[in-house]
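Chemist:
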Amino acid sequence: MSKSFSLGLFAGALLLSVAAFPPHGHGAGAVLLGWNDLGMHCMDSDYSVFSILPPYNTIHAQLIVQGRRVDQASGYTVTYEAVADPSGSSNTTSVGKTKFWQYVEPLFGSPLAADMGLAGFAMPGPDNVPQAMSFDPAWSWFTGEGIPLTPYDDAGLKNYYPLMRLTARNAAGQVIATTDVVLPVSDEMDCRACHASGSHPAARPAAGWVWSGDPERDYRLNILRLHDERNQSPAYVQALVANGYHPAGLYRTVTAWGRPVLCARCHRSNALPGTGTGDISPLTTAVHRRHAAVQDPLTGLTLDATANRSACYRCHPGSETRCLRGVMGDSVAADGSRAIQCQSCHGSMSAVGDPAREGWLDMPNCQACHTGTATHNNGQIRYTTALEPSGQLRQAVDATFATQPDTPAPGVSLYRFSTGHGGLQCEACHGSTHAEYP
41 MSKSFSLGLF
51 AGALLLSVAA
61 FPPHGHGAGA
71 VLLGWNDLGM
81 HCMDSDYSVF
91 SILPPYNTIH
101 AQLIVQGRRV
111 DQASGYTVTY
121 EAVADPSGSS
131 NTTSVGKTKF
141 WQYVEPLFGS
151 PLAADMGLAG
161 FAMPGPDNVP
171 QAMSFDPAWS
181 WFTGEGIPLT
191 PYDDAGLKNY
201 YPLMRLTARN
211 AAGQVIATTD
221 VVLPVSDEMD
231 CRACHASGSH
241 PAARPAAGWV
251 WSGDPERDYR
261 LNILRLHDER
271 NQSPAYVQAL
281 VANGYHPAGL
291 YRTVTAWGRP
301 VLCARCHRSN
311 ALPGTGTGDI
321 SPLTTAVHRR
331 HAAVQDPLTG
341 LTLDATANRS
351 ACYRCHPGSE
361 TRCLRGVMGD
371 SVAADGSRAI
381 QCQSCHGSMS
391 AVGDPAREGW
401 LDMPNCQACH
411 TGTATHNNGQ
421 IRYTTALEPS
431 GQLRQAVDAT
441 FATQPDTPAP
451 GVSLYRFSTG
461 HGGLQCEACH
471 GSTHAEYP
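Whatever position you read off the sequence shown (first residue = 1), add 40 for my numbering.
(1) Where A124 and L73 are concerned, what is the direct C-alpha to C-alpha distance, given to the nearest angstrom?
(2) Since N405 contacts Y455 with CB under 8 angstroms, what's their CB separation in whole angstroms?
(3) Below 7 angstroms CB to CB, which residues in the same chain sit around V135 once its five sequence neighbours on both sides are set aside?
(4) Okay, do the segment 320 to 333 and the segment 385 to 401 touch, 3+ Cβ pairs below 8 angstroms being the bar?
(5) Alpha carbon to alpha carbon, how far is N76 from S472? Give it in angstroms, no decimals.
(6) Can you tell me where the alpha helix (DSSP H) with D258 in it begins and where it stops?
(7) What number of angstroms, rounded off, separates the C-alpha of A449 from the C-alpha of G238?
(8) Once DSSP output is grouped into helix, strand and coil, what is the label at C466?
(9) Who are the near neighbours of A332 in its chain, counting only those whose CB is closer than 8 angstroms to its CB and skipping five residues on each side?
(10) Ends of the alpha helix (DSSP H) at R305?
(11) Looking at the structure shown, is T342 part of a helix, part of a strand, or coil, going by DSSP?
(12) Kindly indicate which three-state DSSP category F90 falls into: helix, strand or coil?
(13) What distance in whole Å lies between the Cβ atoms of Q102 and L464, which are believed to be in contact at a cut-off of 8 angstroms?
(14) In this structure, does DSSP put S239 in helix, strand or coil?
(15) If you draw a straight line from the alpha carbon of D84 to that of E228, how long is it in whole angstroms?
(16) Assuming E145 is part of the beta strand (DSSP E), what are its boundary residues?
(17) F161 bridges to which residues according to DSSP?
(18) What residue ranges within the segment 370 to 444 form continuous alpha helix (DSSP H) runs of no fewer than 4 residues, ordered along the chain?
(19) How many Å lie between S174 and Q112 at the Cα?
(20) By the 10 Å Cβ neighbour count, where 16 or more other Cβ atoms means buried, how is A122 classified, buried or exposed?
(21) Can you list, in chain order, the residues of its chain with a C-beta nearer than 7 angstroms to that of N168? Leave out the 5 residues immediately preceding and following it.
(22) Assuming the contact rule is C-beta atoms closer than 8 angstroms, L189 and L223 should be a hit. Round their C-beta distance to whole Å, please.
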């Protein structure tokens, strides 16, 4: 696909808000703008039981030469390589930091060389060899898609915000511009608050807790055991067999065959195009709708009733990673609380799990809050929620701050694919989703 739908630490507070460092020109009137497509790329911390998301970090760059955006690849190249942040943390290789390559063939169908990603882009490796980005004329950007980055630096320390240096060169191989970009990545997705052995009684499988000695495998095995118990039917067995899983269930697939499970093989995910089986519910529907009525073990409220980011951070990256960290996520209300929560844009958990919603594509947009100019707007120049009381996105009356319609596909309008001034991508200046900068 030419128009990919894939999913496709600077010291102090500044890095928590912006996606890239200021670009640096090296002559020839060139400026290189680089960014990560998402404010946070999630990956699994273990791949031996099941996988929701692979390591898949994507960066884009647009090159401006003598005031004009480069719209074709001829004459210019852009590469990426690791660069140390001010603390000295650098991330050149993912070898030894994840078991992804040990299980990539049963999960995704083919083996990969270490440090190679699913889309053909690799980590720079221990020698930090610059890696070439490809040019996509459909978007007028250079791209490095699916880089298999992990949140562990080369010293083995956690760093959710490693840096890469993007370098533009002319046909003679001369450096004409560089920029340093943050590649946010987290393996903080976590289900153990309810699914770890001995935790929440409501999540206990009828066959009992697994009590695995490995905490990473333990809660995952409990989830598969519970999944099997709640889906006992001929149709379930048929789906298992059709996807090469053990007819006795997913738990047996892992424990008897030693084969990990790709959730999206049955439950379609737009983050992994081409996945899904028949009319089985999409992954976002299955997970969010199932858990909307679940009580948070700490607050006693259902996750659907919880009106702040703690409901999402219970499972999504949050407590350490601070996924929602941009200018909106950091805005403060008059009473000192956070003015904008995850639900302010995405709605409740049950809304996110609505079967009619297309995950990763049916998303809030800028104009639902920024409805127009100071003199022509939908009642306010800026709202702190994208939703009307009905739960529908607010409609703007002026397109000044609007994302592009039918982008990247008919019927959707995504900020991370939209362009603005001079044909530059919105994210090139305003930062990645969840990490926006005015």
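C-beta: ideal position from N, C-alpha, C; glycine also. This one's a predicted model, so the numbers in the text were calculated from it and none came from an experiment.
Modeler: Working from what's here:
(1) Indexing the sequence shown from 1 puts residue 124 at position 84. Indexing the sequence shown from 1 puts residue 73 at position 33. Rounded to whole angstroms, the separation of the alpha carbons of L73 and A124 is 19 angstroms.
(2) The residue labelled residue 405 in the question sits at position 365 within the sequence shown. The residue labelled residue 455 in the question sits at position 415 within the sequence shown. Sure, about 6 angstroms apart at Cβ, within 8 angstroms.
(3) The residue you call residue 135 lines up with position 95 of the sequence shown. These residues qualify, in order along the chain: A154 and D155.
(4) The answer is yes - the segment 385 to 401 touches the segment 320 to 333, with three or more Cβ pairs under 8 angstroms.
(5) Reading the sequence shown from its first residue, position 432 is the one you call residue 472. Reading the sequence shown from its first residue, position 36 is the one you call residue 76. Here the alpha carbons of N76 and S472 stand approximately 6 angstroms from one another.
(6) Translated into positions along the sequence shown, residue 258 becomes position 218. In the DSSP assignment, D258 falls within the alpha helix (DSSP H) that extends over P255 to E269.
(7) In the sequence shown, residue 449 corresponds to position 409, counting from 1. In the sequence shown, residue 238 corresponds to position 198, counting from 1. Whole-angstrom Cα-Cα distance: 45 angstroms.
(8) For this step, residue 466 is matched to residue 426 along the sequence shown. If DSSP states are grouped into helix, strand and coil, C466 belongs with the helices.
(9) If you number the sequence shown from 1, residue 332 lands on position 292. Taking A332 as the centre and dropping the five residues before and after it, the same chain places the C-beta of T342, L343, D344, S388, M389, S390 and G393 closer than 8 angstroms to its C-beta, in chain order.
(10) Taking the sequence shown and counting its residues from 1, the one referred to as residue 305 is at position 265. Careful: R305 lies outside any alpha helix (DSSP H) and carries neither H nor E.
(11) Indexing the sequence shown from 1 puts residue 342 at position 302. Strand, per DSSP.
(12) Along the sequence shown, read from residue 1 onward, the residue named residue 90 stands at position 50. Of the three classes helix, strand and coil, the one that applies to F90 here is strand, per DSSP.
(13) The residue given as residue 464 occupies position 424 in the sequence shown. The residue given as residue 102 occupies position 62 in the sequence shown. Contact between L464 and Q102 holds, with the beta-carbon distance rounding to 6 angstroms and staying under 8 angstroms.
(14) In the sequence shown, residue 239 corresponds to position 199, counting from 1. Reduced to three states, the DSSP call for S239 is coil.
(15) Counting from one through the sequence shown, the residue named residue 84 turns up at place 44. Counting from one through the sequence shown, the residue named residue 228 turns up at place 188. Going from the Cα of D84 to the Cα of E228 covers about 8 angstroms.
(16) Position 105 of the sequence shown, counting from 1, holds the residue named residue 145. Premise fails: E145 lies in the alpha helix (DSSP H), F140 to F148, not in any beta strand (DSSP E).
(17) The residue you call residue 161 lines up with position 121 of the sequence shown. Answer by DSSP bridge pairing: none, since F161 is not bridged.
(18) Along the segment 370 to 444, the alpha helix (DSSP H) occurs as fully enclosed runs of 4 or more residues at 382 to 386 and 389 to 392, listed in sequence order.
(19) Here the question's residue 174 lines up with position 134 in the sequence shown. Here the question's residue 112 lines up with position 72 in the sequence shown. Between S174 and Q112, the C-alpha separation is close to 11 angstroms.
(20) For this step, residue 122 is matched to residue 82 along the sequence shown. Under this definition A122 is a buried residue.
(21) On the sequence shown, position 128 is the one that residue 168 refers to. E121, A122 and T132.
(22) The residue you call residue 189 lines up with position 149 of the sequence shown. The residue you call residue 223 lines up with position 183 of the sequence shown. With 8 angstroms as the limit, L189 and L223 qualify as a contact, their Cβ atoms being about 5 angstroms apart.
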